[in-house]
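Trainee: Shown below is the structure under consideration.
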Amino acid sequence: MTELLQASEQGIAAAANALNEGKLVGFPTETVFGLGALVTQHEAVAGIFEAKGRPADHPLIAHIGPGFDLEGWADVSSPKAKILIEKFWPGPLTMVVPRGPKMPLAVTGGQQSVGIRCPSHPVAQQLLLLLHAPVAAPSANRFGKVSPTSSAHVLDELNGRVDFVLDGDSSQVGIESTIVSLLSEQVVLLRPGTITRDQLQQALGCEVLLPSESADLQNLRVSGNLEQHYCPDAKLHVCKLGNELALSARIPNESALAVGWSASFLEVFKSMSVIRLPNDAAQVAQRLYATLRDADKQGFTHIVFECPPSDENWRGIHDRLNRAALKT
Ligand code: TXA
Ligand code: MG
């Protein structure tokens, strides 16, 4: 059985003790809930892959509290890293930088680079500040499934597979952190999130490339690059403007859920169950995974999601929707 710890001083201290003892702890972050193990507890790190059902050569993100001294763990000494830390930490940005000798290879998937993130969620911060090593944490879901944005979601996914789940307010950002590689002169956006390419370019004063635009990415493994990821059980259709009528005609409306914000889109699908979201990227991101998860819980067989606009603000949502919709 998994024990739910309250987000009190006591509960957070108990979670820190558990991590120090090599236990697995689910914990809140502002993006999604993480499944944490102390990076120095090798069996616990191996346990993450086991609990998730995730291939063991996938690199994990190492989480630190504000002000944690990364000396020996990771090299964040480059001018670009300093700028991004100053501007975006704590917050939903992961930087891939050279690994330090103290960072175990089991965390990095055997690579000489490591993803580092300093979350802004107050409970995550209090937890991380109690520890003397980073916490490796992927999203606290079974491999390939929708990420959790509340402690209840984590229990739904991993009850009995982890020792503790630390409670805390549900995730305000709602999709996983933006990941940027600082491994070469070219800065590369490995995973889009709510911190946008434009924001990164503005802060750094240089171009940030997409993986497709970068020549030297062959050696990186990013699990988000697997074709199918973040999947609900229901079949997800991302509906482009103009395709509404054709789509509506070919899916069972009585067991389908339509999710969107435009009046014209929702009008076409009015014979389905409908969820109207605000026409705002941040708010759609915040509610995206919970909406997909609820749809599964309610037994919908199809979800029709309005295709978001193509500007930079929506890139992270596009990315997650397109992966979730890719089904054979
Ligand atoms: O928002 C988040 O980042 C959440 C919360 C819990 O912090 N974590 C998360 O972890 O999304 P995960 O394991 O689901 O995604 C980690 C991503 C993977 O796509 C992985 O390949 C990439 O980070 N990554 C980690 N270290 C890397 C490295 N050294 N090189 C390239 N990619 C790396
Ligand atoms: Mg994940």
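Using the working numbering, the first residue of the sequence shown is number 372, and each one after it goes up by one.
Think of the CB as a built atom: it goes at the ideal place given N, C-alpha and C, for glycine as much as any other residue.
A quick note: this is a predicted structure, and the numbers were derived from the prediction, not measured.
For a minimum of 3 consecutive residues, which ranges assigned as the beta strand (DSSP E) are wholly contained in the region 414 to 496?
Mentor: The beta strand (DSSP E) runs lying completely inside the region 414 to 496 and spanning 3 residues or more are 432 to 434, 464 to 469 and 484 to 488, given in chain order.
Trainee: Please state if the CB of Leu-612 and the CB of Asp-517 are separated by a distance shorter than 7 Å.
Mentor: Position check: residue 517 holds Val in this sequence, whereas Asp was assumed. It is not a contact, given that the beta carbons lie outside the stated cut-off.
Trainee: Which word fits Met-643, buried or exposed, when buried means at least 16 other C-beta atoms lie within 10 angstroms of its C-beta?
Mentor: buried
Trainee: Check whether the Cβ atoms of Ile-566 and Pro-463 sit closer than 7 Å, and answer yes or no.
Mentor: yes
Trainee: Between the beta-carbon of Leu-692 and the beta-carbon of Val-630, is there less than 7 Å?
Mentor: Taking the C-beta atoms as reference points, Val-630 is found no nearer than 7 Å to Leu-692.
Trainee: Which term fits Glu-598, buried or exposed, when burial requires 16 or more other beta carbons within 10 angstroms of its beta carbon?
Mentor: Its pLDDT being 45, under 50, Glu-598 is placed unreliably in this model, and the coordinates cannot settle the point.
Trainee: At the level of alpha carbons, what is the spacing between Glu-556 and Thr-479?
Mentor: In a straight line, the C-alpha of Glu-556 is about 21 Å away from that of Thr-479.
Trainee: If we ignore side chains and look at the alpha-carbon of each, how far apart do Gln-496 and Phe-439 end up?
Mentor: Distance from the CA atom of Gln-496 to the CA atom of Phe-439, rounded to whole angstroms, is 11 Å.
Trainee: Quick one: measure Cβ to Cβ for Val-467 and Leu-554, integer angstroms, because I've assumed they're closer than 8 Å.
Mentor: Contact between Val-467 and Leu-554 holds: their C-beta atoms lie close to 6 Å from each other, under 8 Å.
Trainee: Can you look up Ser-594 in the DSSP assignment and give me helix, strand or coil?
Mentor: Here Ser-594 scores only 45 on pLDDT, less than 50, and its place in the model should not be relied on; the value that follows carries that caveat. Helix, per DSSP.
Trainee: Tell me whether Pro-430 counts as near ligand 2, meaning its Cβ is closer than 6 Å to at least one heavy atom of that ligand.
Mentor: no
Trainee: Would the C-beta of Gln-482 count as close to ligand 1, meaning under 6 Å from any of its heavy atoms?
Mentor: yes
Trainee: Does DSSP put Val-410 in a helix, in a strand, or in coil?
Mentor: coil
Trainee: DSSP three-state label for Ser-521, please.
Mentor: coil
Trainee: Shortest alpha-carbon distance to Glu-401 belongs to which of Gly-545, Gln-377, Leu-431 and Ala-656?
Mentor: Gly-545
Trainee: Based on DSSP bridge pairs, tell me the residues matched to Leu-637.
Mentor: Note: Leu-637 sits in no beta bridge, so no partner.
Trainee: State the Cα-Cα distance for the pair Pro-505 and Leu-499, rounded to the nearest angstrom.
Mentor: 7 Å
Trainee: What span of residues does the alpha helix (DSSP H) with His-608 cover, start to end?
Mentor: His-608 -> not in any alpha helix (DSSP H); beta strand (DSSP E) instead, spanning 606 to 610.
Trainee: How far does the alpha helix (DSSP H) with Glu-615 in it reach, from first residue to last?
Mentor: 615 to 621
Trainee: Which residue marks the beginning of the beta strand (DSSP E) containing Leu-374, and which one marks its end?
Mentor: Here residue 374 turns out to be Glu, not Leu, going by the sequence shown. Start and end: 374 to 376.
Trainee: Cys-489 and Ile-435 look like a contact to me (Cβ under 8 Å); what is the Cβ gap, rounded to whole Å?
Mentor: 5 Å between Cβ atoms; contact.
Trainee: Skipping 5 residues on each side, what residues in its chain have a beta carbon closer than 6 Å to that of Leu-376?
Mentor: Listed in chain order, the non-local C-beta contacts of Leu-376 below 6 Å within the same chain comprise Gly-382, Ala-385, Ala-386, Phe-535 and Leu-537, local neighbours out to five positions each way being set aside.
Trainee: What do you reckon, is the C-beta of Ser-449 under 6 Å from a heavy atom of ligand 2?
Mentor: no
Trainee: What are the uninterrupted segments assigned as beta strand (DSSP E) that are 3 or more residues long and contained completely in the region 520 to 569, given in chain order?
Mentor: 535 to 537, 549 to 552 and 558 to 562
Trainee: So, helix, strand or coil for Ser-644, using DSSP?
Mentor: DSSP places Ser-644 in strand when its eight states are reduced to three.
Trainee: Is DSSP giving Gly-631 helix, strand or coil here?
Mentor: In the three-state reduction of the DSSP assignment, Gly-631 falls in the strand class, which pools E and B.
Trainee: Please name the residue in Asp-651, Thr-672 and Phe-671 whose C-alpha comes closest to that of Glu-678.
Mentor: What sits at residue 678 in the sequence shown is Cys, not Glu. Answer by Cα proximity: Asp-651.
Trainee: Taking just the CA atoms, how far does Pro-582 sit from Phe-404?
Mentor: 26 Å
Trainee: Per DSSP, what kind of secondary structure is His-673 in: helix, strand or coil?
Mentor: strand
Trainee: Kindly indicate the opening and closing residues of the alpha helix (DSSP H) around Gly-382.
Mentor: 380 to 391
Trainee: Around the Cβ of Glu-700, are there at least 16 other Cβ atoms within 10 angstroms (buried) or fewer (exposed)?
Mentor: The chain is shown only over 372 to 699; residue 700 falls outside these bounds and no answer can be derived.
Trainee: Where DSSP assigns a beta bridge to Gly-314, which residues make up the other side?
Mentor: The chain is shown only over 372 to 699; residue 314 falls outside these bounds and no answer can be derived.
Trainee: Whose C-beta lies closer than 8 Å to the C-beta of Gly-393 among residues of the same chain, with five residues either side of it excluded?
Mentor: Ala-408, Leu-409, Gln-412, Glu-414 and Ala-415
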